[in-house]
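First the structure, in the form of structure tokens, and then the observations on it.
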Amino acid sequence: MSDCIPAAELAALAGLPDTDARRLHVEACARCRAAWLEYRDFMEGDAADGSTVRLPDPTASAALDRAIAAACSPPRRRALPGLRLVVPLAAAAVLAFALLPGRDAPNPAGDTPAALRGEAQPVAPVLHAPRTRPDGALELRWDALAGASAYRVRFVGTDGARLGESAAQADTSYLLRPDALPAWLPVGGQVAWRVVATRDADDIVSAPSLVTVPGGR
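In structure tokens form, the structure reads like this:
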């Protein structure tokens, strides 16, 4: 059960290589694979009209983690073997809808969603867990996208409203310094961040990930 995929990493699975340990676990664990398939079905069924996708409240990710972990734990008795799997995965599927890597607002012209049903899937940037530096700055990191010329970091509030985004840069990391935060970021608050990669004339947007803005007491 300790190898089960955390909720925050579900959206990134599609962009991982087949040899990644998380992908290998999903292939080997029937229950965890079922949770991922439920999540993917919701992701591919995202609204085609670009309607706003509300981000989860701070407890949603933890609740989804618990649901997946419960689904992956071995059953205690043999009676009704399918029942124990269905209930946690149903809860996981409902919560996963709030974590979809869909659009944070009606899609502006030029933005290419990371996943559209029935179309070729562009490879979006894969986000990594934020890292706190010794000086208190929070480093947001992601994988380079082949052919991308620049990246912007976009921040979204828990109500789904876009807060702002960074200037274009070539680096694959971005620092949030407590003493130099953008005015539109809530100090100590929780927001979602995603990376917008510019490749040729297209903007390719990553799945979102939640982060706590540094500087809170």
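One point on numbering: in my numbering, the residue at position 214 of the sequence shown is 955, and numbering is uninterrupted.
Glycine residues also receive a C-beta, built at the ideal position from the N, C-alpha and C atoms.
Quick caveat: nothing in here was measured; it's all calculated off a predicted structure.
Counting pairs of Cβ atoms below 8 angstroms between the segment 886 to 897 and the segment 861 to 875, do you hit three or more?
Touching, per the Cβ criterion.
Length of the line joining the Cα atoms of residue 945 and residue 896:
For the purposes of this step, residue 945 is taken as the residue at position 204 of the sequence shown. For the purposes of this step, residue 896 is taken as the residue at position 155 of the sequence shown. About 15 angstroms.
Between residue 877 and residue 759, what straight-line distance do the alpha-carbon atoms span, to the nearest angstrom?
Within the sequence shown, the letter at position 136 stands for residue 877. Within the sequence shown, the letter at position 18 stands for residue 759. Counting only the Cα atoms, residue 759 lies some 35 angstroms from residue 877.
Return the Cβ separation of residue 875 and residue 952 in integer angstroms, given the expectation that the two are a contact with Cβ distance under 8 angstroms.
Taking the first residue of the sequence shown as position 1, residue 875 is located at position 134. Taking the first residue of the sequence shown as position 1, residue 952 is located at position 211. A Cβ-Cβ distance of about 18 angstroms is found for the pair residue 875 and residue 952, leaving them out of contact under the 8 angstroms criterion.
Indicate the three-state DSSP secondary structure (helix, strand or coil) for residue 895 in the structure shown.
Within the sequence shown, residue 895 is the residue found at index 154, counting from 1. Strand at residue 895.
Is it the case that the Cβ atoms of residue 884 and residue 913 are separated by a distance below 8 angstroms?
Stepping through the sequence shown from its first residue, residue 884 is reached at position 143. Stepping through the sequence shown from its first residue, residue 913 is reached at position 172. For residue 884 and residue 913, yes; Cβs fall inside 8 angstroms.
Option in 902, 921, 908 and 938 with minimal Cα separation from residue 888:
Position 147 of the sequence shown, counted from the first residue, corresponds to residue 888. Ranking 902, 921, 908 and 938 by Cα distance to residue 888 puts 938 first.
Shorter than 7 angstroms, the distance from the beta carbon of residue 913 to the closest heavy atom of the ligand ZN, or not?
Among the ligands in the structure shown, none appear at all, so the ligand ZN cannot be discussed.
Three-state secondary structure (DSSP) of residue 763:
Start at 1 with the first residue of the sequence shown, and residue 763 comes out as number 22. When secondary structure is reduced to three states using DSSP, residue 763 falls in the helix class.
I need the straight-line Cα distance from residue 922 to residue 933, nearest angstrom please.
The sequence position of residue 922 within the sequence shown is 181, counting from 1. The sequence position of residue 933 within the sequence shown is 192, counting from 1. In a straight line, the C-alpha of residue 922 is about 15 angstroms away from that of residue 933.
If you draw a straight line from the C-alpha of residue 905 to the C-alpha of residue 930, how long is it?
Taking the sequence shown and counting its residues from 1, the one referred to as residue 905 is at position 164. Taking the sequence shown and counting its residues from 1, the one referred to as residue 930 is at position 189. Each residue's alpha carbon lies about 15 angstroms from the other.
So the beta strand (DSSP E) residue 910 belongs to, where does it begin and stop?
Along the sequence shown, read from residue 1 onward, the residue named residue 910 stands at position 169. No beta strand (DSSP E) contains residue 910, which DSSP labels as neither H nor E.
Among 917, 954, 765 and 936, which one has its Cα closest to the Cα of residue 947?
Locating residue 947 in the sequence shown gives position 206, counting from the first residue. When each option's Cα is compared against that of residue 947, the closest is 936.
Return the residue from the list 766, 955 and 761 that minimises the CA-CA distance to residue 919.
Sequence index remark: in the sequence shown, residue 919 carries index 178 (1-based). Nearest C-alpha to residue 919: 955.
Compare the Cα-Cα distances from residue 925 to each of 940, 768, 774 and 902 and report the closest residue.
The count along the sequence shown starts at 1 and reaches residue 925 at position 184. Proximity to residue 925 across 940, 768, 774 and 902 peaks at 902, based on C-alpha coordinates.
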